[in-house]
Amino acid sequence: MTIAALVLVLVSLCVVALAILRLMDRREDRAKWDRLAALQPQAPELFDPEMVAELPEPARRYFAYAIDPGTPLLPVAVIEMRGEFSLGTKEDPRYQPMEARQILAAPEGFVWAMRTRGGMPISGSDTGKWTRFRVFGLVPVARQGGDPDHTRSAYGRYVGEAVIWAPAALLPGPGVSWEAVDDDTARVIVDHDTLSQAVDVTVDTEGRPVNAVFQRWTNANPDKEHRWQPFGAVMSDFREVGGYHLPFRVEAGNMFGTEDYIPFFLADVTAIRFPGAEP
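The numbers in the working numbering rise by one with no breaks, and the one at position 60 of the sequence shown is 1108.
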């Protein structure tokens, strides 16, 4: 066998191995997605403002805006989006057009499947268990997870996103409590297993959430060391979806409220639905 033929065989074997790995990852994504979708209540309670009557006033205002009375309480949401995702720095954000589809089931987990458009395409998924992304749909460029740092960081993300897209998951009850911060801000604290995350929600006079801010465990810093850093999201373009009033425009990023803030996630929602609620 010639050297050229040997190289061709080795390259072919590598491509096959990468394709098999991608297939296995996608199956794992699908299995996790289905497990989270199955958490949707089959006979959900209906929202009654009395459920939040004992909460701090900003929290009551938040729920009064976010959920209409009589709405089925569906904590699992599927969000489809497009927008831009930064792969660079504040000085050179290198925004890439992206499309993504996500299932959100706080406090149990999420699956965010994303792909960029243009340039060198990146695709893959992010969950509470792993982060896996590839270029050209095949070559791994990020593959991590299964450690306490990743788990804690991901947990902060999906609790924060529940404030944005899944208010039914944050009603007071086991593992969920609220406290006042100021006249327009309330703090939700979500405990699950050994994890705990607090998120501050600021609302306007109508109860519309203006932003959600929290300390996130992350290594998104020049030292690449995991530590607590401010993270925040700004919400706008609210629309009614099945009795919920949810933002269809979200901008989010690290170091929120500081001069180092960069919104690396700029999303326009194209659809929101609640598994199990479809006719």
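Note that CB positions come from ideal geometry on N, CA and C, so glycine has one too.
> Residue range of the alpha helix (DSSP H) that residue 1293 falls in?
Replying inline: From DSSP, residue 1293 is part of no alpha helix (DSSP H) but of the beta strand (DSSP E) over 1292 to 1302.
> Should the segment 1222 to 1238 be regarded as contacting the segment 1304 to 1324, the criterion being three or more beta carbon pairs within less than 8 angstroms?
Replying inline: no
> In or out: residue 1150 buried (at least 16 other Cβ within 10 Å) or exposed?
Replying inline: buried
> Looking only at its own chain, which residues have a Cβ that is under 6 angstroms from the Cβ of residue 1255, when we skip the five neighbours before and after it?
Replying inline: Only 1109, 1110, 1112, 1113 meet the Cβ criterion.
> Helix, strand or coil: which one does DSSP assign to residue 1106?
Replying inline: helix
>> Just to confirm the assignment: which complete beta strand (DSSP E) runs, minimum length 3, are found wholly within the segment 1203 to 1261?
In response: 1224 to 1230, 1233 to 1240, 1243 to 1251
>> Does any residue of chain D have a CB that is nearer than 8 angstroms to the CB of residue 1306?
In response: Of the protein chains in the structure, only one exists, and it is not chain D.
> According to the neighbour-count rule (16 or more other Cβ atoms, all chains shown, within 10 Å of its Cβ), is residue 1173 buried or exposed?
Replying inline: buried
> Are there 16 or more other CB atoms within 10 angstroms of the CB of residue 1192, so buried, or fewer, so exposed?
Replying inline: Exposed is the call here.
> Does the beta-carbon of residue 1132 have 16 or more other beta-carbons within 10 angstroms, so that it is buried, or is it exposed?
Replying inline: buried
> Hey, how far is the Cα of residue 1183 from the Cα of residue 1148?
Replying inline: C-alpha separation (whole angstroms): 16 angstroms.
> Per DSSP, residue 1129 forms a beta bridge with which residues?
Replying inline: 1148, 1317
>> Whole angstroms are fine: how far does the CA of residue 1135 sit from the CA of residue 1300?
In response: 14 angstroms
> In terms of residue numbering, what span does the beta strand (DSSP E) encompassing residue 1280 cover?
Replying inline: 1275 to 1289
> Got a sec? Which residues, its chain only, sit under 7 angstroms from residue 1085 by beta carbon, not counting five neighbours each side?
Replying inline: A distance below 7 angstroms between beta-carbons, with the five flanking residues on each side excluded, links residue 1085 to the following residues of its chain, in chain order: 1124, 1151, 1323.
>> How far does the beta strand (DSSP E) with residue 1157 in it extend, from its first residue to its last?
In response: 1157 to 1164
> Going by DSSP, what residues sit across from residue 1082 in a beta bridge?
Replying inline: Answer by DSSP bridge pairing: none, since residue 1082 is not bridged.
>> So, with DSSP's three-state summary, where would you put residue 1077?
In response: helix
> Start and end of the beta strand (DSSP E) containing residue 1174?
Replying inline: 1170 to 1175
> What's the gap between the Cα of residue 1293 and the Cα of residue 1082?
Replying inline: 25 angstroms
> Tell me the DSSP bridge mates of residue 1263?
Replying inline: 1278, per the DSSP bridge assignment.
>> Taking a contact to mean a Cβ-Cβ separation below 8 angstroms, would you say residue 1098 touches residue 1121 in this structure?
In response: no
> Taking Cβ to Cβ, would you say residue 1278 is nearer than 8 angstroms to residue 1261?
Replying inline: yes
>> Excluding the 5 residues flanking residue 1077 on each side, which residues of the same chain have their C-beta closer than 8 angstroms to its C-beta?
In response: 1159, 1161, 1173, 1175
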